[in-house]
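K.L.:
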Amino acid sequence: DQQVKQNSPSLSVQEGRISILNCDYTNSMFDYFLWYKKYPAEGPTFLISISSIKDKNEDGRFTVFLNKSAKHLSLHIVPSQPGDSAVYFCAASARNSGGSNYKLTFGKGTLLTVNP
Amino acid sequence: GAVVSQHPSWVICKSGTSVKIECRSLDFQATTMFWYRQFPKQSLMLMATSNEGSKATYEQGVEKDKFLINHASLTLSTLTVTSAHPEDSSFYICSARRGVSGAFFGQGTRLTVV
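Here the protein sequences come in this chain order: D and C. Quick note: the first sequence uses my numbering, first residue 1, plus one each step. Quick note: the second sequence uses my numbering, first residue 1, plus one each step.
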């Protein structure tokens, strides 16, 4: 049962344009969401996060939008740069599920290619 | 940001041998570390939660006798793949939780069992 879904395995955009990466989740207990960027043979790098009490969080070129009613979040990158080309993972956590755990449930990732 | 170091970054071993992977939090203490495994074109799958000073908590379907986890200090967790087989070949990634700031990942270890 895939609780975090990234239905687009790949996305290609032109440099300077906007990249929109989508993520859907099914577990209503999730209350914290993160986006990670990953290059081949490297560990994921944290990009941006959002708590369920917010619907938008912005950090430079990266903005994450959360639509709780639709159980959907998206990552916007604008303007896109060739260096943004990587696999982007959406992850979710139920921080208030108790204990000190911080389990992250990941989507399968979306390969973003930004063409010069 | 916080730094988590994972070693080795890649290892090739013979079938039947054991391999130890280290995960260190370099600039913070981590009471909880996590071990993930990633198959090609798949998401990161949580294998186990490593708690300092206590036994690890394994996810369903993960053999605890095969994937031994030791979290001996607040900055070090190790994953030992025992009696490795070719099907254990994968990319293993650790992460460490830093307070409420979130989870920070190591660079991963590519294990190839021949």
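Glycine is no exception: its CB is placed at the ideal position from the N, C-alpha and C atoms.
Specify, as a first and last residue, the run of the beta strand (DSSP E) that A72 (chain C) falls within.
P.N.:
Your numbering for residue 72 (chain C) matches position 72 in the second sequence. Counting along the chain, the beta strand (DSSP E) containing A72 (chain C) begins and ends at 67-73.
K.L.:
Cα separation between S77 (chain C) and K55 (chain C)?
P.N.:
Taking the second sequence and counting its residues from 1, the one referred to as residue 77 (chain C) is at position 77. Taking the second sequence and counting its residues from 1, the one referred to as residue 55 (chain C) is at position 55. Taking the straight line joining both Cα atoms gives about 12 angstroms.
K.L.:
Given that E15 (chain D) touches chain C, what residues does it touch there, using C-beta distances under 7 angstroms?
P.N.:
Here residue 15 (chain D) refers to the residue found at position 15 when the first sequence is read from its first residue. The contacting residues do not exist; E15 (chain D) stays about 25 angstroms from chain C at best.
K.L.:
Along chain C, in chain order, which residues have C-beta atoms closer than 8 angstroms to that of P116 (chain D)?
P.N.:
Position 116 of the first sequence, counted from the first residue, corresponds to residue 116 (chain D). In chain order: nothing, as chain C lies at least about 25 angstroms away.
K.L.:
With DSSP run on the structure shown, which of helix, strand or coil describes D31 (chain D)?
P.N.:
Translated into the one-based positions of the first sequence, residue 31 (chain D) becomes position 31. Residue state, collapsed to three classes: coil.
K.L.:
Taking the beta carbon of F39 (chain C) as the centre, do at least 16 other beta carbons fall within 10 Å, making it buried, or is it exposed?
P.N.:
As a working note, residue 39 (chain C) is residue 39 in the second sequence. Its Cβ having fewer than 16 others within 10 Å, F39 (chain C) is exposed.
K.L.:
I need the straight-line Cα distance from L68 (chain C) to L21 (chain D), nearest angstrom please.
P.N.:
Indexing the second sequence from 1 puts residue 68 (chain C) at position 68. Indexing the first sequence from 1 puts residue 21 (chain D) at position 21. Each residue's alpha carbon lies about 36 angstroms from the other.
K.L.:
Does Y88 (chain D) come within less than 9 angstroms of chain C when only Cβ atoms are used?
P.N.:
Position 88 of the first sequence, counted from the start, is the residue given in the question as residue 88 (chain D). Output row for Y88 (chain D): interface = no.
K.L.:
Just checking my contact of S95 (chain C) with M33 (chain C) at CB under 8 angstroms: how many whole Å lie between their CB atoms?
P.N.:
Here residue 95 (chain C) corresponds to residue number 95 of the second sequence, with the count starting at 1. Here residue 33 (chain C) corresponds to residue number 33 of the second sequence, with the count starting at 1. S95 (chain C) to M33 (chain C), Cβ: 7 angstroms. Contact.
K.L.:
Have a look at D:S93, D:V87, D:G43 and flag the residue whose alpha-carbon is nearest the alpha-carbon of T110 (chain D).
P.N.:
Here residue 110 (chain D) corresponds to residue number 110 of the first sequence, with the count starting at 1. Of the candidates D:S93, D:V87, D:G43, the one whose C-alpha sits nearest the C-alpha of T110 (chain D) is D:V87.
K.L.:
Out of C:A72, C:Y92, C:S25, state which residue places its alpha-carbon closest to the alpha-carbon of V11 (chain C).
P.N.:
Here residue 11 (chain C) refers to the residue found at position 11 of the second sequence. Of the listed residues, the one whose Cα sits closest to V11 (chain C) is C:Y92.
K.L.:
Here's a check: name, in chain order, each residue in its chain whose Cβ is nearer than 8 angstroms to the Cβ of P82 (chain D), leaving out the five neighbours to either side.
P.N.:
The residue given as residue 82 (chain D) occupies position 82 in the first sequence. Contacts found: E15, V114, N115, P116.
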